[in-house]
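As structure tokens, the structure follows; a few thoughts come after it.
Protein chains: 2
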Amino acid sequence: MNPARLAKLSASLRTFQPASGQVAGLDALALNPCPSLVYLTGLHFHLMERPVVALFTPDDDPVIILPELEMLKVAGLPVHAFPYGENPAEWQAVFRRAVESLGLDGKRIGVEPRALRLLEFRYLQAAAPAAAFPDASETVSRLRVRKDAGEVAAMRKAVQIAQSALEATLPSIKVGMSEKEIAGELVIQLLRHGSQSEMPFAPIVSGGPNGANPHAGPSDRALQPGDLLVIDWGAACDGYISDLTRTFAVGEVEAEYAKIHHIVQEANAAGRAAAKPGVPCAEVDIAARAVIERAGYGPYFTHRTGHGIGMEGHEDPYMRGDNMQILEPGMAFTVEPGIYLPGKNGVRIEDDVVITETGAECLSDMPREIRVVG
Amino acid sequence: MNPARLAKLSASLRTFQPASGQVAGLDALALNPCPSLVYLTGLHFHLMERPVVALFTPDDDPVIILPELEMLKVAGLPVHAFPYGENPAEWQAVFRRAVESLGLDGKRIGVEPRALRLLEFRYLQAAAPAAAFPDASETVSRLRVRKDAGEVAAMRKAVQIAQSALEATLPSIKVGMSEKEIAGELVIQLLRHGSQSEMPFAPIVSGGPNGANPHAGPSDRALQPGDLLVIDWGAACDGYISDLTRTFAVGEVEAEYAKIHHIVQEANAAGRAAAKPGVPCAEVDIAARAVIERAGYGPYFTHRTGHGIGMEGHEDPYMRGDNMQILEPGMAFTVEPGIYLPGKNGVRIEDDVVITETGAECLSDMPREIRVVG
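Encoded structure:
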């Protein structure tokens with residue numbers, strides 16, 4: 085339980101502003117096992133077929149509905165627990181008692197649609213058939229979006245672990261290795277260098293034409309001379325993550341590939357330089373994108389310039405050309421422009437940045453120039 | 085795309101039987117990125133803030149709504165793709181066009197509540213406001229629950245990788261090591277022995293009183309002489325997983341701890357012996373539980389005896405005393421009785437079993453007797 089964060093949540097629930105002209109304020113927030121639950125309570129649960137839901141209200145201790153076999157996790161905590169046994173036929177009644185204990189039927193229960201599954205939602209809805217379930221993602225995001233010093237320290241460590249792990253992996257990368265083999269070695273090095281064993285995401289290791297697919301998973305394709313090699317990886321430390329990308333040359337590469345690498349490197353620098361308090365997220369995207377557009381590769385930069393980062397790999401704020409959210413000190417996000425030439429190669433260079441009172445701190449400092457591997 | 089599995093799905097949609105007295109049959113199945121989607125199509129997507137939904141109907145090629153930057157994943161496949169750009173304001177219209185292309189408004193669109201998030205569901209619901217969204221989990225589960233020879237082979241490999249990895253880890257376990265350190269070393273060994281880098285779940289490593297919490301995450305607690313040490317771990321291979329548990333003695337342990345270990349070992353054997361085609365899942369649970377109850381520890385075995393296993397760690401069929409589902413050849417599940425003494429220690433012994441034409445094959449064969457580590 086984090087009393088300071090719970091107090092802030094209570095205030096946010098009272099002042100919640102819905103998207104359109106509805107009543108302001110929320111009577112409760114319902115969370116399933118997800119980063120926001122960890123943020124508020126420190127409680128970790130597996131996301132499984134047994135639903136776990138915590139209900140937060142402005143004035144009462146949180147209520148939590150959970151399997152009996154998880155009860156030790158909440159022992160001694162200031163929560164009202166509603167445990168259920170192994171027979172799913174009994175679960176709905178437990179949800180009903182929990183919702184009734186807070187008098188929530190007919191009330192406004194905020195939810196996070198990105199995290200809440202239909203599983204938990206349908207139990208909640210059946211327990212409170214007259215309740216409304218507005219999207220409270222922004223309310224929760226506002227609490228989490230400005231990282232405090234402890235959170236930034238954890239992210240800084242996660243960046244350092246990631247960088248050391250990739251440096252330790254690079255010497256072992258050879259022509260003929262598969263993307264999967266490289267990814268496996270990188271994960272081992274991440275663990276050796278101190279990452280939590282639950283990785284933030286599986287590393288992307290994409291050579292040659294696979295690199296032109298920004299979200300390709302590692303394949304059995306063997307690394308070939310002349311490939312570009314995109315490595316998008318991260319570590320987790322104290323519950324916070326890093327998310328970086330560097331692109332390498334496997335021996336000598338065609339002139340166009342070296343050129344697009346250079347353009348992306350300049351775009352990355354321009355995006356980082358645009359990051360400061362008081363400017364909208366859009367400016368970071370526009371600054372990075374302008375470099376790539378001026379070089380004639382605009383159509384090959386097919387995604388936004390970055391996303392927020394913290395407990396999750398993708399969270400607010402998003403660096404999109406249409407996002408007018410204003411950057412504030414403590415906001416942390418990636419800057420990751422790319423150029424993707426279908427059927428040929430791809431380049432992406434990604435850093436993790438935190439807005440400070442006067443500008444931005446780049447947490448990552450691994451060389452961005454094209455380096456030869458293999 | 086897996087045409088044979090898609091053909092079976094089409095037949096299942098036509099014959100879908102709802103829980104209560106509603107109309108039979110489904111007009112479509114909607115899946116987000118999840119194991120069932122991989123099972124039917126081989127397609128992997130990150131689960132993120134950008135919604136991805138595939139719609140399967142009995143007669144048409146699948147429709148898939150996805151970000152433009154994921155389009156390479158479906159290039160050349162027999163699917164109708166509805167890509168969207170980076171601005172969320174445009175996504176709803178793309179969902180509407182996709183749903184309209186199949187004429188699904190007002191129809192019955194099955195969903196998997198355990199996987200589908202409110203994010204995807206609300207886009208679907210707004211795109212087809214007159215549609216019904218019945219729970220189709222059982223329909224999909226029926227397709228997946230009987231594993232074919234290729235699937236069993238992958239699970240067998242995942243078991244072997246897990247066993248070799250733990251054997252390689254055991255010599256390094258010493259008094260004074262933290263649970264987290266042991267878990268880190270085990271994950272490294274899992275990767276060295278060939279597990280996919282995306283683990284099925286983070287290993288549970290619980291010493292002493294932590295072992296009395298069946299779902300504890302690894303902590304900073306240092307291993308102490310006299311502890312029992314529960315290790316619940318698994319590997320992933322070719323998209324299929326293993327899930328095993330063994331309990332060790334850290335040096336000499338109190339007589340009661342050795343005794344409960346022996347009881348659990350007998351309960352595990354009884355559960356495995358009860359597994360055969362034609363009997364209900366309940367019999368496996370009852371057989372294992374009877375051993376523990378006879379020994380007077382019934383109240384300390386606080387969970388069901390096992391769960392199905394395959395692409396997921398928890399799936400059908402579940403070994404619960406009230407589950408009358410009949411075991412059939414190809415069904416795969418865990419047998420994992422335990423005894424948990426709050427504040428003291430816990431024991432769990434877990435194996436992976438596949439039902440055959442005549443009985444059951446236990447995929448795991450690592451010694452189950454209490455072994456001393458540290």
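Here the protein sequences come in this chain order: E and F. Sequence positions in the first sequence follow the numbering used here and run 85 to 458. Sequence positions in the second sequence follow the numbering used here and run 85 to 458. Think of the CB as a built atom: it goes at the ideal place given N, C-alpha and C, for glycine as much as any other residue.
Nothing from the segment 318 to 342 of chain E brings a Cβ to less than 7 angstroms from some Cβ of chain F. The shortest C-alpha to C-alpha distance from residue 324 of chain F to any of F:238, F:380 and F:337 is the one to F:238.
Annotated three-state conformation of residue 180 of chain F is helix, per DSSP.
For the set E:153, E:130 and E:141, the Cα lying nearest the Cα of residue 296 of chain F is the one of E:153. For residue 421 of chain E, the closest alpha carbon among the candidates E:437, E:388 and E:441 is that of E:388.
Between the segment 350 to 368 of chain E and the segment 409 to 421 of chain E there are three or more C-beta pairs closer than 8 angstroms, enough to call the two in contact.
Residues of chain F with a Cβ closer than 7 angstroms to the Cβ of residue 406 of chain E are, in chain order, 171.
Taking each of E:268, E:248 and E:97 in turn and checking the Cα distance to residue 191 of chain E, the smallest one comes out for E:97. Residue-level contact by beta carbon holds for residue 398 of chain E and chain F, with a gap shorter than 8 angstroms. The Cβ-Cβ distance between residue 395 of chain F and residue 122 of chain F falls below 8 angstroms.
For residue 287 of chain F and residue 251 of chain F, the gap between their C-alpha atoms comes out near 15 angstroms. Contact residues of the segment 359 to 389 of chain E toward chain F are 386, 387 and 388 (C-beta to C-beta distance below 7 angstroms). Taking 3 residues as the minimum length, the beta strand (DSSP E) runs contained wholly in the segment 310 to 378 of chain F are 312 to 317 and 328 to 334, in order along the chain. At a cut-off of 8 angstroms between C-beta atoms, residue 272 of chain F counts as an interface residue with respect to chain E. At a cut-off of 8 angstroms, the C-beta of residue 154 of chain F has a neighbouring C-beta in chain E. Listed in chain order, the non-local C-beta contacts of residue 280 of chain F below 7 angstroms within the same chain comprise 320 and 321, local neighbours out to five positions each way being set aside.
In the DSSP assignment, residue 399 of chain E falls within the beta strand (DSSP E) that extends over 399 to 403. For a cut-off of 8 angstroms, the C-beta gap from residue 137 of chain F to residue 204 of chain F is around 5 angstroms, short enough to register as a contact. Nearest CB-CB separation between residue 201 of chain F and chain E: below the 8 angstroms threshold. Runs of the alpha helix (DSSP H) lying entirely within the segment 229 to 311 of chain F, each at least 4 residues long, are 233 to 253 and 263 to 276 in chain order. Among the CB atoms of chain F, one or more fall inside 8 angstroms of the CB of residue 133 of chain E. Shown here, residue 206 of chain E sits in a helix according to DSSP, grouped into three states. Within its own chain, the residues whose Cβ lies closer than 6 angstroms to the Cβ of residue 289 of chain E, once the five positions on either side in sequence are excluded, are 263, 266, 267, 302 and 315, listed in chain order. Taking a Cβ-Cβ threshold of 9 angstroms, the residues of chain E close to residue 206 of chain F are 197 and 219, in chain order.
With contacts defined by Cβ atoms closer than 8 angstroms, residue 406 of chain F and residue 171 of chain E form a contacting pair.
Counted as a single uninterrupted DSSP element, the beta strand (DSSP E) harbouring residue 168 of chain E occupies residues 164 to 168. Only 296, 297, 298, 299, 300, 301 and 302 from the segment 290 to 317 of chain F bring a Cβ to less than 8 angstroms from some Cβ of chain E.
Beta-bridge analysis with DSSP links residue 219 of chain E to E:195. For residue 201 of chain E, the three-state secondary structure derived from DSSP is strand. The straight-line gap separating the alpha-carbon atoms of residue 247 of chain F and residue 413 of chain F is approximately 24 angstroms.
Taking a contact to require three or more Cβ pairs closer than 8 angstroms, the segment 422 to 430 of chain F and the segment 204 to 224 of chain F do not qualify as touching. A contact between stretches requires three or more CB pairs, one per stretch, nearer than 8 angstroms, and the segment 347 to 367 of chain E meets this requirement with the segment 429 to 449 of chain E.
Residue 269 of chain E counts as buried, since at least 16 other C-beta atoms from the protein chains shown sit within 10 angstroms of its C-beta. Where residue 137 of chain F is concerned, the enclosing beta strand (DSSP E) starts and stops at 137 to 140. Pairing residue 353 of chain E with residue 143 of chain E, the inter-Cα distance amounts to about 47 angstroms. Going by C-alpha positions, residue 147 of chain E is about 32 angstroms away from residue 373 of chain F.
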